Structures are given as C-alpha cells and as structure tokens.
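Scroll down for the structure; my scribbles are underneath it.
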Amino acid sequence: MTRRGAWLAKFLLRRVLPIGCLAVLAWFSHGPVWGWAIAALGWALLVLVHSWQSAALAAWLDSPDGRPFPQAGGAWGEVLGKLAHWLNEQTQHREDVETRLRSFRGAMDAVPDGLVIVDAGHRIQWSNRAAGAHLGVRLPRDDGVMIEHLVRTPGFAEYLASADAPSPFVLQVPAARTRVYTIRVVPLGDANKLVVSLDVTDARRVESMRSTFVANVSHELRTPLTVVSGFLEYFTDEAAVDAEQRKQFAHLMSDQTARMLSLVDDLLTLSRLEAEDAPASEEDVDMADLLKQLRAEGQSLSDGRHRLEVICQGPALHGNRKELHSAFGNLVSNAIRYTPAGGEIRIEWAVSDGCGVFSVCDSGVGVAAEHLPRLTERFYRVDRGRSRDTGGTGLGLAIVKHILLRHQAKLKIDSELGAGSTFRATFPDWRLRTPA
Ligand code: ADP
Numbered sequence: 523m524t525r526r527g528a529w530l531a532k533f534l535l536r537r538v539l540p541i542g543c544l545a546v547l548a549w550f551s552h553g554p555v556w557g558w559a560i561a562a563l564g565w566a567l568l569v570l571v572h573s574w575q576s577a578a579l580a581a582w583l584d585s586p587d588g589r590p591f592p593q594a595g596g597a598w599g600e601v602l603g604k605l606a607h608w609l610n611e612q613t614q615h616r617e618d619v620e621t622r623l624r625s626f627r628g629a630m631d632a633v634p635d636g637l638v639i640v641d642a643g644h645r646i647q648w649s650n651r652a653a654g655a656h657l658g659v660r661l662p663r664d665d666g667v668m669i670e671h672l673v674r675t676p677g678f679a680e681y682l683a684s685a686d687a688p689s690p691f692v693l694q695v696p697a698a699r700t701r702v703y704t705i706r707v708v709p710l711g712d713a714n715k716l717v718v719s720l721d722v723t724d725a726r727r728v729e730s731m732r733s734t735f736v737a738n739v740s741h742e743l744r745t746p747l748t749v750v751s752g753f754l755e756y757f758t759d760e761a762a763v764d765a766e767q768r769k770q771f772a773h774l775m776s777d778q779t780a781r782m783l784s785l786v787d788d789l790l791t792l793s794r795l796e797a798e799d800a801p802a803s804e805e806d807v808d809m810a811d812l813l814k815q816l817r818a819e820g821q822s823l824s825d826g827r828h829r830l831e832v833i834c835q836g837p838a839l840h841g842n843r844k845e846l847h848s849a850f851g852n853l854v855s856n857a858i859r860y861t862p863a864g865g866e867i868r869i870e871w872a873v874s875d876g877c878g879v880f881s882v883c884d885s886g887v888g889v890a891a892e893h894l895p896r897l898t899e900r901f902y903r904v905d906r907g908r909s910r911d912t913g914g915t916g917l918g919l920a921i922v923k924h925i926l927l928r929h930q931a932k933l934k935i936d937s938e939l940g941a942g943s944t945f946r947a948t949f950p951d952w953r954l955r956t957p958a
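So the sequence shown is numbered by the working numbering: it starts at 523 and just counts up by one.
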C-alpha cells in the first residue's frame with residue numbers, strides 16, 4: 523500500500539467509520555431521520571475541524587516569523603508534528619550552511635591576496651577584504667559595478683578583456699602610489715572571472731635594494747681597480763717611469779689593494795651575519811679586558827693624535843666576544859677617524875637603569891640630524907671623501923647594527939654637527955653577569 527493509501531485508510535477507520543457506526547445505530551434505534559441527522563452532523567463537524575486546522579496552517583505559512591507553530595490533536599496533530607520536525611531539520615541545515623559560509627567568508631577575508639569575482643560583463647559579484655585595499659572594491663557599495671570603473675589605470679581594461687594574457691598586469695594604484703600590485707585573471711565557470719591581485723611592493727623593494735647593493739659594491743671596487751690598472755699601464759712602459767716613481771706607484775697600488783681587501787672583508791662579515799640568526803657561540807665576555815684591547819687598537823689608529831679615555835664600570839657581558847669586539851671596534855675606529863687631531867674620545871662600559879651600556883663619545887665632526895636615521899644603511903656616508911681617505915668602507919655601522927641586533931641590543935646615536943657624537947649600545951639586563 524502506498525503512503526497516501528495508508529493515510530486514507532487510517533482517516534476512514536478513525537474518523538469516517540465511527541460517524542457511520544453512530545448513524546447506523548441511530549437509524550435502528552430512533553428511525554432513519556435520526557440516522558441521517560447524526561451522519562450529517564458528524565460530517566459537518568469533521569469538515570469544520572479540518573477547515574479550521576487548514577486555515578490555521580495557511581495563516582501560519584503566510585507569516586511564520588515570530589508566530590508559534592499551530593498545534594492540534596488527532597490526524598492533524600500527526601501531520602503538523604511531522605511538518606514541524608521537517609521544518610526544524612531544514613532550519614538546522616540552513617544554519618549549518620550559513621555557519622560554513624561565514625567561516626568561508628572569514629577565510630577569504632584573511633587571504634592577503636585580493637579576490638574579485640566578475641561576471642561576463644565585468645560586473646562585480648563578490649570580493650574579499652584585501653580587494654578593498656588593493657583595488658578599492660568595497661561590497662555592498664560596488665555590487666554590480668563594472669570593475670573597470672573602479673580600476674582606471676590605463677591598460678587594465680584591455681588586460682581584463684584579453685582572454686589569456688601570459689604575464690600579470692602590474693598596477694600602481696594612484697591612491698597608494700608607493701604600493702605595487704600584480705593582477706592575474708583566472709576563468710571561473712562558464713562566463714565569470716576571478717581577478718586576483720598580489721601585493722608585490724616588498725618583493726620589488728628587496729629586488730631594487732639588491733640591485734642597488736650590487737651597483738654600490740661594483741662602484742666601490744671599480745675606483746681602486748681603475749687606479750691599480752692605470753698604474754700597471756705605466757709599469758709596462760719601462761722608459762716612462764724611473765725607480766723612484768715605480769716605488770711610489772707600488773705604494774699607492776698597495777693602498778688601493780688594501781682598500782679592496784677591507785671592503786671584501788666587510789662584505790663577507792655582513793653576509794655571514796645575515797646568513798645566521800644568532801651567534802654560533804656565546805660566553806661571558808670580560809669587558810675590562812675587551813676595553814683594554816680596544817684602547818690599544820684605538821691608540822695605534824690614532825697614533826697619538828687624540829686623547830683617549832676608557833672607563834669600565836660594568837660587569838661581564840654575555841655574548842659572542844669576536845662579534846662584540848668587531849662592533850665596538852668599529853665604533854671606536856669611527857670616533858678616531860671622524861675626530862680631528864687634538865680631539866677627545868671617551869669609551870665607556872656602565873650599567874644604566876639595569877641595562878648594560880657601551881658608549882663611544884667623541885668631540886669630532888658630528889653628523890647633521892637629517893643623516894642620523896640613515897647612518898646604519900650599507901654604503902651610506904655623510905662625507906664620502908673623508909670616509910675613503912680614512913680607509914672607510916661604508917659598511918661599518920651596518921655591521922654594528924647587525925651584531926647588536928643579534929645581541930638584542932639597541933643603538934642610539936646623538937650627534938651635533940661640529941660638536942661631536944655619542945654612539946650608545948644598550949644591552950638587556952639578562953646579558954649582564956654580576957661577579958660571583
Ligand atoms: P665608513 O666606513 O664610511 O666610516 P660607517 O658605516 O662606519 O662607514 O659609517 C657611516 C657614516 O657615518 C660615515 O661615512 C660617517 O659619515 C658617519 N659616521 C660614523 N661614525 C661617525 C662619527 N663618530 N662621527 C661623525 N660621523 C660618523
């Protein structure tokens with residue numbers, strides 16, 4: 523039996539049969555009039571109850587929100603119970619789909635790439651949050667707007683129209699000139715397209731920094747190489763140079779070679795520092811001993827032209843001795859090289875506010891405020907000539923910065939043009955070792 527047949531049989535058995543039996547009983551006991559009357563009354567009651575229940579259900583279906591689901595007993599109760607159960611299942615299913623959709627949207631908004639779905643006419647259908655920053659697409663404001671109306675960069679419309687462009691479109695949004703994006707278009711379904719934008723600003727910056735670095739290194743090596751090759755040409759001409767000149771040229775060539783060697787040394791030091799995140803080994807560095815060594819090296823470099831004062835008031839410092847020596851040595855050598863003869867240089871190790879502070883203070887040429895933020899950049903020099911004349915490579919402070927970073931220390935530079943400078947490296951308290 524089908525489900526419908528079963529329901530009909532149940533209805534006939536429970537509702538129609540009792541009315542029929544009552545009518546037959548009335549017929550036999552009180553006559554045919556009573557029999558017909560009971561049958562008519564029973565049917566009328568049945569129709570009334572069904573009409574009332576169907577009206578209640580129809581009214582609820584018209585505006586289900588907020589209204590209680592109709593309740594009933596008997597056959598209608600069974601039907602309404604099943605309907606309520608089915609509705610509950612549907613609501614649960616819808617809530618599940620909504621939750622999944624919300625988490626999918628959240629995930630799409632967390633994607634750093636801009637994503638925009640456009641239809642065949644390039645009208646915006648959907649976009650994620652990054653697309654707002656990259657392309658200025660914001661929903662619901664731009665729902666149905668043609669994407670070319672928002673991204674007006676010349677060439678973009680043509681790129682979008684071209685079916686399968688091999689390389690991405692490079693976009694520099696006028697509102698954020700400093701940022702660069704690449705755009706790719708991926709076919710989506712039959713007619714839609716997915717526009718993907720990628721922020722490549724940092725990658726471009728790194729690329730340009732790398733090429734600037736290579737250009738700088740080449741330039742730095744080119745000058746001494748040109749000098750050496752020029753002298754070598756003279757050397758080949760026996761008649762043009764006498765023995766005295768030959769000696770002088772050889773001396774100058776050796777100066778240039780030393781300059782190239784120190785540049786290569788600094789470059790190797792920098793690349794080694796950049797290759798590893800932390801020093802290979804650390805120990806408790808006896809600062810009194812290190813300062814003694816720095817004084818000896820400083821005196822040899824100064825050759826009696828400056829007055830050197832060394833003060834050691836702090837405990838041992840936990841770190842890599844070789845690296846710390848290189849960083850502090852660079853600061854001392856700079857102080858000597860940028861301080862005219864007769865000047866004073868103070869090298870100090872002390873504790874301030876619980877932190878270890880190594881400082882080098884000089885009464886030298888000083889640095890104008892506008893140069894200070896860039897001093898630790900590779901090859902940045904305030905006075906190129908003076909740096910070269912004193913054997914500088916332009917990499918000293920870049921090395922200092924790296925080493926301090928690896929020791930969680932901060933570099934602070936105070937300087938006044940013509941009045942001198944103080945370079946201060948502050949180490950965290952946990953690197954200090956109090957004597958046992
Ligand atoms: P360089 O080899 O040219 O000295 P550094 O990286 O050590 O390179 O320093 C970068 C620049 O900072 C120097 O060229 C110089 O202009 C400036 N500088 C560094 N130390 C001092 C200082 N003690 N006094 C004045 N200027 C300094």
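A virtual CB, placed ideally from N, CA and C, is assigned to each residue, including glycine. Treat the numbers as computed from the prediction; the structure is a model and nothing was measured.
Within the stretch 839-912, complete alpha helix (DSSP H) segments of at least 4 residues are found at 843-859 and 906-911, given in chain order. The Cβ-Cβ distance between Glu938 and Gly886 does not fall below 7 Å. Straight-line measurement puts the Cα of Phe626 at about 16 Å from the Cα of Leu661. With a cut-off of 8 Å on Cβ pairs, the stretch 742-756 is not in contact with the stretch 675-690, counting fewer than three such pairs. Taking the Cβ of Ala655 as the reference point, every heavy atom of ligand 1 lies at 6 Å or farther away.
Set against 6 Å, the gap from the CB of Leu919 to the closest heavy atom of ligand 1 is smaller. In the structure shown, Asn650 adopts coil according to DSSP, grouped into three states. A distance below 7 Å between beta-carbons, with the five flanking residues on each side excluded, links Cys834 to the following residues of its chain, in chain order: Met809, Ala810, Leu813 and Trp871.
Under the DSSP definition of a beta bridge, Val807 partners with Leu839. Contact between Ile869 and Val832 holds: CB atoms are separated by about 5 Å, below the 8 Å threshold.
Here the alpha carbon of Glu729 sits roughly 10 Å from the alpha carbon of Val722. Under the three-state reduction of DSSP, Asp712 is assigned to coil, being neither helix nor strand. Excluding its 5 nearest sequence neighbours in each direction, Gln694 has C-beta neighbours in its own chain below 8 Å: Thr675, Arg701, Val702 and Tyr703, listed in chain order. In this structure, Ala857 has its beta carbon less than 6 Å from a heavy atom of ligand 1. Of the candidates Leu530, Ile867 and Phe735, Phe735 places its Cα closest to the Cα of Tyr902. Each of His840, Leu897, Gly553 and Ser874 was checked against the Cα of Asn856, and the nearest Cα belongs to Leu897. Exposure of Leu535 is indicated by the presence of fewer than 16 other C-beta atoms within 10 angstroms of its C-beta.
Secondary structure at Phe945: strand, using DSSP grouped into helix, strand and coil. In the structure shown, the three-state DSSP call for Asp721 is strand. Distance from the C-beta of Arg829 to the nearest heavy atom of ligand 1 is not below 6 Å. Within the stretch 560-629, no run of alpha helix (DSSP H) at least 4 residues long lies entirely inside it. The C-beta separation of Leu657 from Leu672 comes to about 6 Å, placing the pair in contact by the 8 Å criterion.
Here Thr912 is not near Asp884, since their CB atoms are 7 Å or more apart. Annotation: the continuous beta strand (DSSP E) that includes Val640 extends over Gly636 to Val640. Taking the Cα of Asp635 as reference, the smallest distance to any Cα among Thr621, Ala652, Gly603 and Leu609 is reached at Ala652.
Relative to the non-hydrogen atoms of ligand 1, the Cβ of Asp787 never comes closer than 6 Å to any of them. Leu579 and Ala548 have their C-alpha atoms some 35 Å from each other.
Remark: the shortest separation between the CB of Arg903 and any heavy atom of ligand 1 falls under 6 Å. Asp799 and Ser793 have their alpha carbons spaced roughly 11 Å apart. As the crow flies, the alpha-carbon of Ala577 is around 36 Å from that of Gly553. Per DSSP, the unbroken beta strand (DSSP E) holding Arg829 starts and ends at Arg829 to Cys834. A straight line joining the alpha-carbon of Ile935 with that of Asp764 spans about 50 Å. Residue ranges of uninterrupted alpha helix (DSSP H) with 4 or more members, entirely inside the stretch 654-679 and ordered along the chain, are 669-672. Secondary structure note for Ser689: it is in no alpha helix (DSSP H), with a DSSP letter that is neither H nor E. Rounded to whole angstroms, the separation of the alpha carbons of Glu611 and Gly599 is 18 Å.
Taking the C-beta atoms as reference points, Thr915 is found no nearer than 7 Å to Leu710.
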